[in-house]
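Residue numbers (this note's numbering), protein chains in the order written: chain G, 12 to 297; chain Z, 130 to 405. Every residue, glycine too, gets a C-beta built ideally from N, C-alpha and C. Source: prediction; values computed, not measured. Everything below concerns the one structure shown next.
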């Protein structure tokens, strides 16, 4: 074995490759960081130039400097609103996770239940959530609950359908193996079906996480709730009414940041769960 | 039945003391699409035998193996386990190990946890199972890979994990369904030797499904040639074999002759199915 291994320093004419190759991944890594940041900075510069050269008034399109100032001055009033929206988003996602996974497990265990619930699932899924919002506002005890239900309904279905798909996509040979060793249906669920469906569940989680924020914002628009305890989406609408465009942009940036944070968090959970074994989380080795 | 029972060497079959591990009596299997996979198959498996089920594709050899394992009930006929304790499902408790055509490992579990599975399902704690797991991993040369995941192993190593898992319950009967069909020739020969060693050291009875004449001639103490349309036993041959088999045996006259006889029987089995 050791005879066939060549020491890089003795590799003769090939040694150039030995010097260059390790450098390439580092350069690649550097480019992956530098290029997106440079592009973003360029876009902001372009935005600044567009506003200053054309003398666009602040109440139509504020420049990045105005938005930056507003970020400092207004964030005090906007943070509580952001917290309200984030709380609705995460509560809805948590309930959707419990409900979606739980119902998916029930559905794959019982064919009758699956058939019975199928029409309801389709009706709820295809009806645009915004169209149900007015009804929810009537029936729900308060606006917060209505918002929560809206966000829940939207996040629920991708999680349910992905999880159900995952639970059904178990390798038949592994199912045979469990049957052969006399596994109970409970053991098969815990040790086989749930681990096997993790890649599907993670896809559902990432989609559901993003959608629950979108749904929380859309529902707040529909509710139009004002005063104490209102969310960031309402502050955004309010800024528009008051022609306070810098603040509107700050709201947008905060929502965008929340979205990125949710995406990063769900992607991290997905990576932590799958990186040792699933193809989706493993770098191709060639 | 018009089948010819060829017995080249009257060996184990005529011994006075016989201990049957499992016997299939007149087993037929009709699939839900109407295909007659097996028709009136009978097979008596003696303790300590290494039986190869050999035949063309579609002869029902894998179906027979699965029926023995309890994966799908026979349409008619019976499976008897004269020397095993039978559970509620009519299967011998923990007496059967199965190696599939694919390694069939759980990709999310380490090598150790994959081998632990059969014991885990029987409620054995990991601490209590550790020794059995390590012994069986060592027996297939994978003692250093307990923490690896299946994707980090080669095809041959995955198959070894699968064999260790099948052996971890100390089964009386090891069923192998074309386990090495997807492997390269060198790996396949190595694994053949591993299986022979397990068979000799543990005294486990083996039923080995294959479509390779050479593999069956190298491994078996008895070769059951099957025919297709309908799937039936065509010939049942006891094989004279030296206890020690190695590369020298692969080029010996005895091995060549066995291959010749088995190959002839297989050709007649294929001919019989086509004439039908």
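Positions of the alpha helix (DSSP H) runs, each at least 4 residues long and wholly inside the segment 337-397 of chain Z, are given as 342-348, 376-379 in order along the chain.
Listed along the chain, the chain Z residues whose CB falls inside 8 Å of the CB of residue 287 of chain G are 237, 278. Rounded to whole angstroms, the Cβ separation of residue 359 of chain Z and residue 165 of chain Z is 5 Å, and the two are in contact under 8 Å. Cβ neighbours of residue 182 of chain Z within its own chain (closer than 8 Å, five residues either side excluded): 190, 193, 194, 336, 337, 338, 339, 353, 355.
Close CB contacts of residue 258 of chain G within its chain, under the 7 Å cut and outside five residues either way in sequence, are with 81, 85, 250 (chain order).
Counting along the chain, residue 86 of chain G sits inside the alpha helix (DSSP H) bounded by residues 75-120. Ranking G:244, G:64, G:147, G:174 by CA distance to the CA of residue 109 of chain G puts G:174 first. Taking 8 Å as the threshold, the shortest C-beta distance from residue 283 of chain G to chain Z does not fall below it. DSSP lists Z:153 as the bridge partner or partners of residue 172 of chain Z.
Contact between the segment 34-51 of chain G and the segment 204-218 of chain G is absent, with fewer than three C-beta pairs closer than 8 Å.
Proximity of chain G to residue 231 of chain Z at the Cβ level (cut-off 9 Å) is accounted for by 182, 184, in chain order. If you look at residue 264 of chain G, you'll find it in the alpha helix (DSSP H) that goes 256-285.
For residue 223 of chain G, the uninterrupted alpha helix (DSSP H) run begins and ends at 209-234, by DSSP. Inter-segment contact for the segment 259-268 of chain Z and the segment 213-220 of chain Z is absent: fewer than three beta-carbon pairs are separated by less than 8 Å. Only 189, 190, 191, 192, 193, 194, 198, 202, 203, 206, 207, 209 from the segment 189-212 of chain G bring a Cβ to less than 8 Å from some Cβ of chain Z. Boundaries of the beta strand (DSSP E) around residue 206 of chain Z: 205-209. Nearest CB-CB separation between residue 173 of chain G and chain Z: not below the 8 Å threshold.
Just measuring C-alpha positions, the residue of G:42, G:64, G:159, G:115 sitting nearest residue 98 of chain G is G:159. For residue 334 of chain Z, the three-state secondary structure derived from DSSP is strand. Between residue 271 of chain Z and chain G, the shortest Cβ-Cβ separation is not below 8 Å.
The criterion of a C-beta distance shorter than 8 Å is not satisfied by residue 197 of chain Z and residue 180 of chain Z. Between residue 235 of chain G and residue 248 of chain G, the alpha-carbon positions lie close to 8 Å from each other. In the DSSP assignment, residue 44 of chain G forms no beta bridge with any residue.
With its beta carbon at least 8 Å from every one in chain G, residue 160 of chain Z lies outside the interface. Neighbours of residue 247 of chain Z in chain G, taken as residues at a C-beta separation under 9 Å, are given in chain order as 188, 191, 192. For residue 285 of chain Z, the uninterrupted alpha helix (DSSP H) segment begins and ends at 284-296.
Within the same chain, Cβ atoms closer than 6 Å to the Cβ of residue 304 of chain Z are found at 194, 198, 227, 336, the five residues on either side in sequence being excluded.
Within chain G, the residues 190, 191 have their CB atoms less than 8 Å from the CB of residue 199 of chain Z, given in chain order.
Here DSSP, grouped into helix, strand and coil, assigns residue 145 of chain G to helix.
Short of 6 Å from the beta carbon of residue 384 of chain Z, and not among the five residues preceding or following it, lie these beta carbons of its own chain, in chain order: 378.
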